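K.L.:
Numbering (this note's numbering), first residue to last: 1382 to 1731.
#1: Expressed to the nearest angstrom, what Euclidean distance is found between the alpha-carbon atoms of residue 1709 and residue 1623?
#2: Less than 8 Å between the CB atoms is what I'm expecting for residue 1726 and residue 1575, so what's the real figure, rounded?
#3: Looking at the unbroken beta strand (DSSP E) that takes in residue 1557, where does it start and where does it end?
#4: Can you tell me whether residue 1671 is helix, strand or coil according to DSSP?
#5: What first and last residue would you give for the alpha helix (DSSP H) that runs through residue 1585?
#6: Between 1486, 1631 and 1717, which lies nearest to residue 1677 when the distance is taken from Cα to Cα?
#7: Assuming residue 1581 and residue 1475 are in contact, meaning their beta carbons sit under 8 Å apart, how far apart are those beta carbons, in whole angstroms?
#8: Can the beta-carbon of residue 1466 be found closer than 8 Å to that of residue 1473?
#9: Which of the three DSSP states, helix, strand or coil, is assigned to residue 1387?
#10: In whole angstroms, what separates the C-alpha of residue 1685 from that of residue 1696?
#11: Mind checking which residues open and close the alpha helix (DSSP H) that includes residue 1595?
#12: Can you grab the Cα-Cα spacing for the pair residue 1498 / residue 1595, in whole Å?
#13: Taking residue 1603 as the reference, which of 1644, 1554, 1597 and 1592 has the closest Cα?
#14: Report yes if the CB atom of residue 1453 is closer than 8 Å to the CB atom of residue 1427, and no otherwise.
#15: Return the first residue and the last residue of the beta strand (DSSP E) that residue 1696 is part of.
#16: CB residue 1586 to CB residue 1638, shorter than 8 Å?
#17: Assuming residue 1635 is part of the alpha helix (DSSP H), what are its boundary residues?
#18: For residue 1655 and residue 1636, I'd like the C-alpha separation in whole angstroms.
#19: Answer with buried or exposed for residue 1607, where buried requires no fewer than 16 other C-beta atoms within 10 angstroms of its C-beta.
#20: Once DSSP output is grouped into helix, strand and coil, what is the label at residue 1452?
#21: Are residue 1478 and residue 1524 touching if we call contact CB-CB under 8 Å?
#22: Name the DSSP bridge partner or partners of residue 1426?
#23: Excluding sequence positions up to five away, which residues of its chain have a Cβ less than 7 Å from the Cβ of residue 1529?
#24: Report the three-state DSSP secondary structure of residue 1483 (helix, strand or coil).
#25: Under three-state DSSP, which class holds residue 1524?
#26: Opposite residue 1600 in the DSSP bridges: which residues?
#27: Please report the distance separating the alpha-carbon of residue 1657 from that of residue 1673.
#28: Distance, Cα to Cα, residue 1436 vs residue 1711?
#29: Go to residue 1655, then tell me how far its alpha helix (DSSP H) extends in each direction, as first and last residue.
#30: Less than 8 Å between the beta carbons of residue 1626 and residue 1688, yes or no?
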């Protein structure tokens, strides 16, 4: 998969991207990039693609199929950050994936290229019309644009399917409004629609299995293991304390069964884990910062400083404040026994 940036990275992309606006055929709006015999066009989809969930994958699969039929490139246009982080930072949604995760997941779909738009305050004022001309036509030479039927873009979200159809007729590209899908891969009713918003809601309520069904994989959080207060070790359950960026979404407070992975290539390791999300109310009350702590089952190694991936399989129980440390230790042992057994015999949860 080729990764491009807009504006281009002068170190890696200088002179490599065609200027389709300079093509008189495209500039006149009489057929798009595919009218040039020596240059393939592109089938393009656009979106934040946070999570790269089943709905996203359905759209991307259609883009790839149509591109192969025409001999075009398949392209995802996405953003280096969620646009809401710039436009309304106080109410921006927490993220399901960071940029590196998103690009890895997009690569797994088989897409040919990803164009990452560098989204800042100046970019947020770009009109939908300018985005179409500068990115879809001039930068990519789009033959067709495939987006969800509720798609909006550009300054104040004024761009929509109708505008794309209007500009496509002028500039030589067609538009496909793809129906939204449910967890069964079919057209969705409102209550079954797969969306990043629905996944965030499920995770915030601790419904990890529901979220995983919509993602088509386990929800994953990445971060480095940092030094904690050694509280878990004194209880007999040492934990890897994972530093989570503020913009990333963690599930509701509670105990989860899941997996932790670290290392690369031949040295990569993956182990079952009891995962804690919460404020440790038994010791610190409800005013403390939410933590992500991972007890790796049947593991005696040291993960300090390692970059880890934490995957959530299902919720075991909600967080609780215990009247004694002894009661907490007894419950933690029960949790670990239950998680060990569940992950050894996973069945089909999502």
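For every residue, glycine included, the Cβ atom is placed at its ideal position computed from N, Cα and C.
Since the structure is predicted, the reported quantities are computational estimates derived from the model, not experimental observations.
P.N.:
Let's see:
#1: Their Cα atoms are separated by approximately 21 Å.
#2: Going by Cβ atoms, the distance from residue 1726 to residue 1575 rounds to 28 Å, so no, they are not a contact pair.
#3: First-last of the beta strand (DSSP E) with residue 1557: 1555-1559.
#4: Residue 1671 falls in the coil class under three-state DSSP.
#5: If you look at residue 1585, you'll find it in the alpha helix (DSSP H) that goes 1577-1585.
#6: Of the candidates 1486, 1631 and 1717, the one whose C-alpha sits nearest the C-alpha of residue 1677 is 1717.
#7: Residue 1475 and residue 1581 do touch by the CB rule: their CB atoms are close to 7 Å apart, below 8 Å.
#8: Yes.
#9: Residue 1387: strand per DSSP, three-state reduction.
#10: Taking the straight line from one Cα to the other gives about 26 Å.
#11: From DSSP, the alpha helix (DSSP H) with residue 1595 extends over 1589-1596.
#12: When rounded, the distance between both Cα atoms is 26 Å.
#13: Of 1644, 1554, 1597 and 1592, the residue nearest in Cα terms is 1644.
#14: Using a Cβ distance threshold of 8 Å, residue 1453 and residue 1427 do not count as a contacting pair.
#15: 1688-1699 is the span of the beta strand (DSSP E), which, as asked, contains residue 1696.
#16: Against a cut-off of 8 Å, the Cβ pair of residue 1638 and residue 1586 comes out as no contact.
#17: In the DSSP assignment, residue 1635 falls outside any alpha helix (DSSP H) and lies within the beta strand (DSSP E) extending over 1635-1643.
#18: Note on geometry: alpha-carbon atoms of residue 1655 and residue 1636 lie some 7 Å from one another.
#19: So residue 1607 ends up on the exposed side.
#20: DSSP places residue 1452 in coil when its eight states are reduced to three.
#21: Not a contact, by the Cβ cut-off of 8 Å.
#22: Residue 1426 is bridged to 1457.
#23: Within its own chain, the residues whose Cβ lies closer than 7 Å to the Cβ of residue 1529, once the five positions on either side in sequence are excluded, are 1440, 1559 and 1561, listed in chain order.
#24: It is helical.
#25: When secondary structure is reduced to three states using DSSP, residue 1524 falls in the strand class.
#26: Beta-bridge pairing links residue 1600 to 1693.
#27: Spanning the two alpha carbons is a distance of roughly 6 Å.
#28: Put simply, the backbone Cα of residue 1436 is about 42 Å away from that of residue 1711.
#29: Residue 1655 -> not in any alpha helix (DSSP H); beta strand (DSSP E) instead, spanning 1650-1659.
#30: Here residue 1626 is not near residue 1688, since their CB atoms are 8 Å or more apart.
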